[in-house]
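Enquirer: Order-wise, the sequence lines are chains S and V. Counting from 5, one number per residue, gives the positions in the first sequence under our numbering. Counting from 5, one number per residue, gives the positions in the second sequence under our numbering. Built from N, CA and C at the ideal position, the CB exists for glycine as well. Structure below; questions to follow.
Number of protein chains: 2
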Amino acid sequence: MTNKTIADLFGQPLSVVNVGLSSMAQSVRDQKVPVVEVDWRPPAGGVPQLRMTKTGVDIDDANEEVCRRIKQARPVLAGMGIARDVIPGMHDRMLLHAGPPIAWDRMCGPQRGAVMGALIYEGLAADEREAEKIAASGQIEFSPCHHHHTVGPMAGIVSPRMPVFILENKAFGNKAFATQNEGLGKVLRYGAMGPEVYARLKWMETDLYPALDRALQSMPDGIDIKSLIAQALHMGDECHNRNRAATSLFLRAIGPALARTNTENERLAKVIEFIDRNDHFFLNLSMAAGKAALEAAEGVEGSSVVTVMARNGTDFGIRLASMTDRWFTAPAGMVQGLYFPGFTEKDANPDIGDSTITETAGYGGFAMAAAPAITQFVGGTPQMAVQATLEMYEITFGEHEGFTIPSLNFRGTPLGIDVRRVAETGILPRLNTGIAHKDPGVGMVGAGILRAPEKCFRDAFAALGTLC
Amino acid sequence: MTNKTIADLFGQPLSVVNVGLSSMAQSVRDQKVPVVEVDWRPPAGGVPQLRMTKTGVDIDDANEEVCRRIKQARPVLAGMGIARDVIPGMHDRMLLHAGPPIAWDRMCGPQRGAVMGALIYEGLAADEREAEKIAASGQIEFSPCHHHHTVGPMAGIVSPRMPVFILENKAFGNKAFATQNEGLGKVLRYGAMGPEVYARLKWMETDLYPALDRALQSMPDGIDIKSLIAQALHMGDECHNRNRAATSLFLRAIGPALARTNTENERLAKVIEFIDRNDHFFLNLSMAAGKAALEAAEGVEGSSVVTVMARNGTDFGIRLASMTDRWFTAPAGMVQGLYFPGFTEKDANPDIGDSTITETAGYGGFAMAAAPAITQFVGGTPQMAVQATLEMYEITFGEHEGFTIPSLNFRGTPLGIDVRRVAETGILPRLNTGIAHKDPGVGMVGAGILRAPEKCFRDAFAALGTLC
Numbered sequence: 005m006t007n008k009t010i011a012d013l014f015g016q017p018l019s020v021v022n023v024g025l026s027s028m029a030q031s032v033r034d035q036k037v038p039v040v041e042v043d044w045r046p047p048a049g050g051v052p053q054l055r056m057t058k059t060g061v062d063i064d065d066a067n068e069e070v071c072r073r074i075k076q077a078r079p080v081l082a083g084m085g086i087a088r089d090v091i092p093g094m095h096d097r098m099l100l101h102a103g104p105p106i107a108w109d110r111m112c113g114p115q116r117g118a119v120m121g122a123l124i125y126e127g128l129a130a131d132e133r134e135a136e137k138i139a140a141s142g143q144i145e146f147s148p149c150h151h152h153h154t155v156g157p158m159a160g161i162v163s164p165r166m167p168v169f170i171l172e173n174k175a176f177g178n179k180a181f182a183t184q185n186e187g188l189g190k191v192l193r194y195g196a197m198g199p200e201v202y203a204r205l206k207w208m209e210t211d212l213y214p215a216l217d218r219a220l221q222s223m224p225d226g227i228d229i230k231s232l233i234a235q236a237l238h239m240g241d242e243c244h245n246r247n248r249a250a251t252s253l254f255l256r257a258i259g260p261a262l263a264r265t266n267t268e269n270e271r272l273a274k275v276i277e278f279i280d281r282n283d284h285f286f287l288n289l290s291m292a293a294g295k296a297a298l299e300a301a302e303g304v305e306g307s308s309v310v311t312v313m314a315r316n317g318t319d320f321g322i323r324l325a326s327m328t329d330r331w332f333t334a335p336a337g338m339v340q341g342l343y344f345p346g347f348t349e350k351d352a353n354p355d356i357g358d359s360t361i362t363e364t365a366g367y368g369g370f371a372m373a374a375a376p377a378i379t380q381f382v383g384g385t386p387q388m389a390v391q392a393t394l395e396m397y398e399i400t401f402g403e404h405e406g407f408t409i410p411s412l413n414f415r416g417t418p419l420g421i422d423v424r425r426v427a428e429t430g431i432l433p434r435l436n437t438g439i440a441h442k443d444p445g446v447g448m449v450g451a452g453i454l455r456a457p458e459k460c461f462r463d464a465f466a467a468l469g470t471l472c
Numbered sequence: 005m006t007n008k009t010i011a012d013l014f015g016q017p018l019s020v021v022n023v024g025l026s027s028m029a030q031s032v033r034d035q036k037v038p039v040v041e042v043d044w045r046p047p048a049g050g051v052p053q054l055r056m057t058k059t060g061v062d063i064d065d066a067n068e069e070v071c072r073r074i075k076q077a078r079p080v081l082a083g084m085g086i087a088r089d090v091i092p093g094m095h096d097r098m099l100l101h102a103g104p105p106i107a108w109d110r111m112c113g114p115q116r117g118a119v120m121g122a123l124i125y126e127g128l129a130a131d132e133r134e135a136e137k138i139a140a141s142g143q144i145e146f147s148p149c150h151h152h153h154t155v156g157p158m159a160g161i162v163s164p165r166m167p168v169f170i171l172e173n174k175a176f177g178n179k180a181f182a183t184q185n186e187g188l189g190k191v192l193r194y195g196a197m198g199p200e201v202y203a204r205l206k207w208m209e210t211d212l213y214p215a216l217d218r219a220l221q222s223m224p225d226g227i228d229i230k231s232l233i234a235q236a237l238h239m240g241d242e243c244h245n246r247n248r249a250a251t252s253l254f255l256r257a258i259g260p261a262l263a264r265t266n267t268e269n270e271r272l273a274k275v276i277e278f279i280d281r282n283d284h285f286f287l288n289l290s291m292a293a294g295k296a297a298l299e300a301a302e303g304v305e306g307s308s309v310v311t312v313m314a315r316n317g318t319d320f321g322i323r324l325a326s327m328t329d330r331w332f333t334a335p336a337g338m339v340q341g342l343y344f345p346g347f348t349e350k351d352a353n354p355d356i357g358d359s360t361i362t363e364t365a366g367y368g369g370f371a372m373a374a375a376p377a378i379t380q381f382v383g384g385t386p387q388m389a390v391q392a393t394l395e396m397y398e399i400t401f402g403e404h405e406g407f408t409i410p411s412l413n414f415r416g417t418p419l420g421i422d423v424r425r426v427a428e429t430g431i432l433p434r435l436n437t438g439i440a441h442k443d444p445g446v447g448m449v450g451a452g453i454l455r456a457p458e459k460c461f462r463d464a465f466a467a468l469g470t471l472c
């Protein structure tokens with residue numbers, strides 16, 4: 005792409021970039037959608053070709069290994085536990101948060117709201133004012149979820165007594181963790197506070213968690229979350245912002261064990277009801293499965309593949325499989341989306357959450373072609389959902405044969421964001437996401453789509469360049 | 005279409021007939037699939053234009069009314085009961101069967117097998133030999149399901165003591181009935197016999213039915229099946245041969261009530277397990293919902309719209325909304341499909357079952373574009389699934405705004421097969437279906453696709469012509 009800058013593309017996110025058959029472009033044009041046809045000659049200058057590290061590692065070989073591990077991963081829901089008991093490094097005065105490292109003073113509104121709410125839920129603060137004081141006092145250690153094999157949607161706050169799912173990657177033995185999903189609207193992860201938020205979290209601790217935990221303890225093989233994701237991609241989910249099918253399949257999978265191990269039937273009914281009323285219940289499982297798969301692919305020297313993309317609502321950060329201790333960050337972007345009645349883009353916080361682990365693992369926004377109905381939630385059209393996926397093949401190293409897209413003739417999803425291809429093509433990863441209100445205490449205001457910021461990828465590419 | 009006969013088209017069902025944008029045809033050709041482009045000029049001669057009956061009824065107006073009623077229908081699962089108690093006209097010596105009327109001596113193998121199995125299940129015969137004797141003796145009255153507001157998949161045998169779902173069309177007050185789905189493989193509706201078949205039917209009578217019935221009795225609003233179908237069409241189902249999403253949504257919808265009303269938890273677990281292990285569980289509900297919607301549209305003078313398509317495995321029959329007492333029949337066709345290991349097309353019975361009520365009601369094969377993954381079950385490619393739906397718009401009078409297809413930009417499904425348009429275009433309805441072994445006692449051997457036979461439509465068109 006010799007005559008388009010990244011900014012050019014980024015500035016017109018609603019036009020279509022054609023990367024497939026030119027007949028495809030024609031079909032899109034026939035529908036009066038502008039099409040940018042991109043030719044794939046490497047730029048005349050500017051972007052160096054990175055093929056080999058100074059230590060003699062072939063980057064393609066390294067990426068092959070990374071993608072092999074991600075595809076080979078077999079994340080299974082093996083059990084549950086309380087965060088402080090099961091998450092490595094977690095302690096009574098620690099709160100985990102989404103995104104790259106950040107201190108209280110730079111935290112965005114919804115992340116602050118979720119921190120304050122979590123302190124009240126934990127019984128460490130009596131009210132919001134006290135919670136704010138404690139949060140700012142230095143008594144609380146803030147640490148990214150990603151530093152603890154954990155992923156948290158939106159604000160991503162995990163506090164010590166919260167119950168968490170334990171995902172075990174049966175192919176590699178590593179584990180990943182995520183909380184139970186609260187639902188949409190006025191919920192902690194969107195920065196909401198208040199009695200209904202704490203009451204729900206408490207019920208999730210005293211009723212939902214024990215019920216699910218008992219059921220899982222009776223299932224020696226656990227629940228194969230990779231298989232549920234693969235099926236859900238054939239059922240209109242992309243497993244980031246649409247999880248209706250996956251949530252349904254999860255309830256089917258755990259249903260018999262739930263019934264066998266929970267003999268207080270009214271409580272059992274409420275558990276089923278809670279899951280039934282939250283089409284996003286599966287999201288946290290989808291995220292933890294992605295984390296379990298990607299973490300097994302970390303530490304491969306020379307790889308240019310991204311294994312972490314995460315946002316704390318202030319910064320967007322990525323990490324490479326070959327540089328797992330280093331975050332490349334940039335300011336978090338604004339989401340283009342559909343808003344709930346009464347809210348507009350003026351209310352929106354910048355992009356936030358660890359849920360971009362799904363795109364990193366080859367689904368979510370990268371599998372939008374599998375989920376045309378998601379456009380009713382995040383905006384856009386079904387045709388653009390297909391184009392989004394087709395475009396992502398241009399910046400990924402491989403395809404995930406385990407996750408296929410029926411409408412693309414069962415092609416594997418785009419897998420393994422290669423910072424070299426991002427640099428060469430100027431195409432930035434596309435993301436689906438929820439939108440939090442920018443102020444603490446409000447909650448969710450909408451959902452939408454955006455691209456990852458360029459700077460993270462440019463910096464990561466440059467860092468890789470110094471090794472080549 | 006001036007230079008192709010219906011037989012020409014029917015003789016090459018696996019080639020693509022392009023009816024949309026010509027760029028669409030090009031995309032298909034790019035994939036080396038032969039494309040027949042059809043131009044839509046009315047034939048030079050031969051097919052008369054039917055617009056008005058001799059009694060002064062405008063056929064378009066009549067069809068408008070028929071489609072309005074189908075779309076306005078609101079089929080709700082209102083309860084359950086035992087066939088002989090709730091199905092009008094049912095008695096202790098009656099067996100209902102799929103398709104148009106047929107006597108024992110003309111019944112195909114699987115329908116005979118299902119009759120014999122039902123007689124053993126009912127306790128009317130001790131073994132297959134006795135069952136065959138009784139069936140042939142004239143002691144049993146055979147009657148089409150469709151004559152009793154009922155629909156039965158495959159052989160479609162409903163016997164007096166079988167439990168049935170009761171669908172109530174809340175917009176018009178009429179009811180429709182269907183049995184509980186047994187699952188795939190060696191099951192009565194595919195003509196299988198044997199202890200496992202009867203044991204399953206017995207369990208469905210003594211355990212499954214009471215559990216579901218108790219749950220439904222606690223749900224005063226019932227379960228809105230139309231809404232579940234609409235959602236499932238956004239989740240990769242077409243609700244005929246793919247019901248994975250709809251089955252999941254059904255379990256979600258009834259789950260809390262099931263848990264509340266069934267306190268024997270091991271039995272409850274088995275009920276959930278049975279539904280979880282049968283992705284086709286929803287099929288019978290989908291069919292009964294279609295029947296409830298279509299029956300409310302019957303009796304509209306002058307309409308050229310089909311309100312029944314059904315097969316008994318020997319004959320294929322249709323009825324028009326304007327001629328509800330008259331079956332137009334033709335020999336049932338052979339299915340082109342995918343076979344289970346060990347079986348081939350030589351084992352296949354001709355097309356059988358009332359499940360074509362789904363296509364008649366605007367989903368099933370007519371909504372294949374919504375279900376690209378179904379091609380793994382019935383054969384073909386996702387592209388052909390889209391083409392199948394696009395083609396059906398050419399022979400339907402309207403579109404069902406309540407049932408939309410995300411990948412077609414949320415276009416309503418093709419609704420209301422118009423025998424005039426079938427005659428004018430030579431395009432025959434496309435169907436998805438399971439395949440039964442031709443011999444009694446074996447069961448399911450595969451699944452596939454085919455077109456309805458021309459003769460029924462030609463005869464119905466001719467009958468309408470005599471009134472114009």
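Put V:Q387 into one of helix, strand or coil per three-state DSSP.
Expert: The sequence position of residue 387 of chain V within the second sequence is 383, counting from 1. Three-state result, V:Q387: helix.
Enquirer: Report the rounded CA-to-CA distance for S:L298 versus S:A365, giving the unit in angstroms.
Expert: Counting from 1 along the first sequence, the entry for residue 298 of chain S is found at position 294. Counting from 1 along the first sequence, the entry for residue 365 of chain S is found at position 361. If I take the Cα positions, the gap works out to 7 Å.
Enquirer: With the cut-off set at 7 Å, would you say V:G103 and V:L192 are in Cβ contact?
Expert: Walking along the second sequence from the start, residue 103 of chain V turns up at place 99. Walking along the second sequence from the start, residue 192 of chain V turns up at place 188. Their beta carbons are not under 7 Å apart, which means V:G103 does not touch V:L192 by this criterion.
Enquirer: How far does the alpha helix (DSSP H) with S:E299 in it extend, from its first residue to its last?
Expert: Within the first sequence, numbered from 1, the residue matching residue 299 of chain S stands at position 295. Residues L287 to E299.
Enquirer: So that I know if they touch, is there some Cβ in chain S lying closer than 7 Å to that of V:W259?
Expert: As a working note, residue 259 of chain V is residue 255 in the second sequence. In the sequence under discussion, the amino acid at residue 259 of chain V is Gly, which differs from the Trp named in the question. With 7 Å as the cut-off, V:G259 counts as an interface residue toward chain S.
Enquirer: Assign V:H151 to buried or exposed, taking buried as 16 or more other Cβ atoms, counted over all protein chains shown, within 10 Å of its Cβ.
Expert: Here residue 151 of chain V refers to the residue found at position 147 of the second sequence. It counts as exposed.
Enquirer: If the cut is a Cβ gap below 7 Å, which residues of chain S does V:R248 touch?
Expert: For this step, residue 248 of chain V is matched to residue 244 along the second sequence. What V:R248 touches in chain S: M239.
Enquirer: Kindly list the residues whose CB is nearer than 8 Å to the CB of V:F254, restricted to its own chain and excluding five residues on each side of it in sequence; keep chain order.
Expert: Position 250 of the second sequence, counted from the first residue, corresponds to residue 254 of chain V. Closer than 8 Å at the Cβ level, and outside the excluded window around V:F254, lie I227, L232, I279, F285, F286 and L289.
Enquirer: I need the boundaries of the alpha helix (DSSP H) containing S:F461, first residue and last residue.
Expert: Position 457 of the first sequence, counted from the first residue, corresponds to residue 461 of chain S. Per DSSP, S:F461 belongs to the alpha helix (DSSP H) from E458 to T470.
Enquirer: Got a sec, what are the start and stop residues for the alpha helix (DSSP H) S:W331 sits in?
Expert: As a position in the first sequence, residue 331 of chain S is number 327, starting the count at 1. Segment M327 to P335 is the beta strand (DSSP E) holding S:W331; no alpha helix (DSSP H) there.
Enquirer: Would you call S:K75 buried or exposed, if buried means 16 or more other Cβ atoms sit within 10 Å of its Cβ?
Expert: As a working mapping, residue 75 of chain S is identified with position 71 in the first sequence. Flag for S:K75 reads buried.
Enquirer: Look at the alpha carbon of V:K174 and the alpha carbon of V:A77, and state the distance between them as a whole number of angstroms.
Expert: Residue numbering aside, residue 174 of chain V sits at position 170 when the second sequence is read from its first letter. Residue numbering aside, residue 77 of chain V sits at position 73 when the second sequence is read from its first letter. Spanning the two alpha carbons is a distance of roughly 7 Å.
Enquirer: Within 10 Å of its beta-carbon, does S:A182 have 16 or more other beta-carbons around it, so buried, or fewer, so exposed?
Expert: Locating residue 182 of chain S in the first sequence gives position 178, where the first residue counts as 1. For S:A182, the number of other beta carbons within 10 angstroms of its own is at least 16, and it is reported as buried.
Enquirer: Any beta carbon from chain V within less than 7 Å of S:T210's own beta carbon?
Expert: For the purposes of this step, residue 210 of chain S is taken as residue 206 along the first sequence, with counting starting at 1. For S:T210, the answer is no, since every Cβ of chain V falls outside 7 Å of its Cβ.
Enquirer: Closer than 7 Å, CB to CB, is V:T470 near chain S or not?
Expert: Position 466 of the second sequence, counted from the start, is the residue given in the question as residue 470 of chain V. Taking Cβ atoms only, chain S never reaches closer than 7 Å to V:T470, which makes this a no.
Enquirer: Less than 7 Å between CB atoms is the rule here; does S:L232 satisfy it with respect to chain V?
Expert: Taking the first residue of the first sequence as 1, we reach residue 232 of chain S at position 228. Taking Cβ atoms only, chain V never reaches closer than 7 Å to S:L232, which makes this a no.
Enquirer: Quick one: is S:L272 near chain V, going by C-beta distance under 7 Å?
Expert: Walking along the first sequence from the start, residue 272 of chain S turns up at place 268. True, the Cβ-Cβ gap to chain V drops below 7 Å.
Enquirer: Using the three-state DSSP reduction, which class does S:M372 fall into: helix, strand or coil?
Expert: Start at 1 with the first residue of the first sequence, and residue 372 of chain S comes out as number 368. Correct three-state label for S:M372: helix.
Enquirer: Starting from S:G259 and walking both ways along the alpha helix (DSSP H), at which residues does that stretch end?
Expert: As a position in the first sequence, residue 259 of chain S is number 255, starting the count at 1. Note, S:G259: alpha helix (DSSP H), R248 to T265.
Enquirer: Say whether chain V places a C-beta atom closer than 7 Å to the C-beta of S:L342.
Expert: Working through the first sequence from its first residue, we reach residue 342 of chain S at position 338. Cβ-Cβ to chain V under 7 Å: no for S:L342.
Enquirer: How about S:E41: is its C-beta nearer than 7 Å to some C-beta of chain V?
Expert: Here the question's residue 41 of chain S lines up with position 37 in the first sequence. Unreliable positioning characterises S:E41 in this predicted model, as indicated by a pLDDT of 48, which lies under 50. A coordinate reading is not provided.
Enquirer: Would V:S141 be called buried (16 or more neighbouring beta carbons within 10 Å of its own) or exposed?
Expert: Position 137 of the second sequence holds residue 141 of chain V. It is exposed - the Cβ of V:S141 has fewer than 16 other Cβ atoms within 10 Å.
Enquirer: Alpha carbon to alpha carbon, how far is S:K58 from S:V155? Give it in angstroms, no decimals.
Expert: Your numbering for residue 155 of chain S matches position 151 in the first sequence. Your numbering for residue 58 of chain S matches position 54 in the first sequence. Each residue's Cα considered, the two are about 34 Å apart.
Enquirer: Helix or strand or just coil, what does DSSP make of S:A107?
Expert: Residue numbering aside, residue 107 of chain S sits at position 103 when the first sequence is read from its first letter. Reduced to three states, the DSSP call for S:A107 is coil.
Enquirer: Using a beta-carbon distance below 7 Å, is V:P280 in contact with chain S?
Expert: By one-based count along the second sequence, residue 280 of chain V stands at place 276. What sits at residue 280 of chain V in the sequence shown is Asp, not Pro. Yes, V:D280 lies at the interface with chain S (some Cβ there is under 7 Å from its Cβ).
Enquirer: If you count every other CB in all the chains shown that lies within 10 Å of the CB of V:L454, and 16 or more means buried, which is it?
Expert: Residue numbering aside, residue 454 of chain V sits at position 450 when the second sequence is read from its first letter. So V:L454 ends up on the buried side.
Enquirer: Go to V:N282, then tell me how far its alpha helix (DSSP H) extends in each direction, as first and last residue.
Expert: Stepping through the second sequence from its first residue, residue 282 of chain V is reached at position 278. Neither: V:N282 is in no alpha helix (DSSP H) and is coded neither H nor E.
Enquirer: Measuring CA to CA, which of S:Q380, S:K442 and S:V390 is closest to S:F370?
Expert: Reading the first sequence from its first residue, position 366 is the one you call residue 370 of chain S. It is S:V390 whose Cα lies nearest to the Cα of S:F370.
Enquirer: If the cut is a Cβ gap below 7 Å, which residues of chain S does V:I276 touch?
Expert: On the second sequence, residue 276 of chain V is found 272 positions in, with the first residue counted as 1. Near V:I276 (Cβ distances below 7 Å), the residues of chain S are G259, P260 and A263.
Enquirer: So, is V:V20 buried or exposed, given that buried needs 16 or more other C-beta atoms within 10 angstroms?
Expert: Counting from one through the second sequence, the residue named residue 20 of chain V turns up at place 16. Unreliable placement is indicated for V:V20, whose pLDDT of 45 sits below 50; no coordinate value is reported for it.
Enquirer: Answer with buried or exposed for V:K295, where buried requires no fewer than 16 other C-beta atoms within 10 angstroms of its C-beta.
Expert: Here residue 295 of chain V corresponds to residue number 291 of the second sequence, with the count starting at 1. Around the beta carbon of V:K295, 16 or more other beta carbons lie within 10 angstroms, which makes this residue buried.
Enquirer: What's the gap between the Cα of V:T210 and the Cα of S:I322?
Expert: Taking the second sequence and counting its residues from 1, the one referred to as residue 210 of chain V is at position 206. Taking the first sequence and counting its residues from 1, the one referred to as residue 322 of chain S is at position 318. Approximately 57 Å, taken between the alpha carbons.
Enquirer: Could you check whether S:R165 and S:I91 sit closer than 7 Å to each other, using their CB atoms as the reference points?
Expert: Counting from 1 along the first sequence, the entry for residue 91 of chain S is found at position 87. Counting from 1 along the first sequence, the entry for residue 165 of chain S is found at position 161. No.
Enquirer: Verify the CB distance criterion: does V:I255 have a CB-CB separation below 7 Å to chain S?
Expert: The sequence position of residue 255 of chain V within the second sequence is 251, counting from 1. Sequence check: residue 255 of chain V is Leu here, not Ile. Judged by the 7 Å Cβ criterion, V:L255 is in contact with chain S.
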